[in-house]
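Residue numbers (the numbering used here): 5 to 63.
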Amino acid sequence: MPIYEYQCRQCGHGFEMLRRMKDADAEVECPKCRSTDVEREFSTFAAGGCGPSGSRGFT
């Protein structure tokens, strides 16, 4: 399950939630103020693998 990042528009609290992809767009409640006026943020992630030289690294 992916981790989604959210930002509350009422109190400004940023938080993460582990959710199933099918539930990604379901209503979310801020754990700090209980508002449902939250916005999903774009997340960045690291992926490991082998480069052309065969060295392992992260991008």
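Note that the Cβ used here is the ideal one computed from N, Cα and C, for glycine as well. Note that the structure is a prediction, hence the values are computed from the model and not measured.
- Counting only residues of its own chain and dropping the five nearest sequence neighbours on each side, Arg13 has a CB closer than 7 Å to the CB of Asp41, Val42, Glu43.
- The three-state reading of DSSP puts Met25 in helix, counting H, G and I together.
- DSSP places Val32 in the coil class of the three-state scheme, outside both helix and strand.
- One alpha carbon belongs to Cys37, the other to Cys15, and they sit about 7 Å apart.
- Taking Arg24 as reference, the option from Ser39, Gln11, Val32 with the minimal CA-CA separation is Val32.
- Here Phe46 carries a coil assignment [DSSP, helix/strand/coil].
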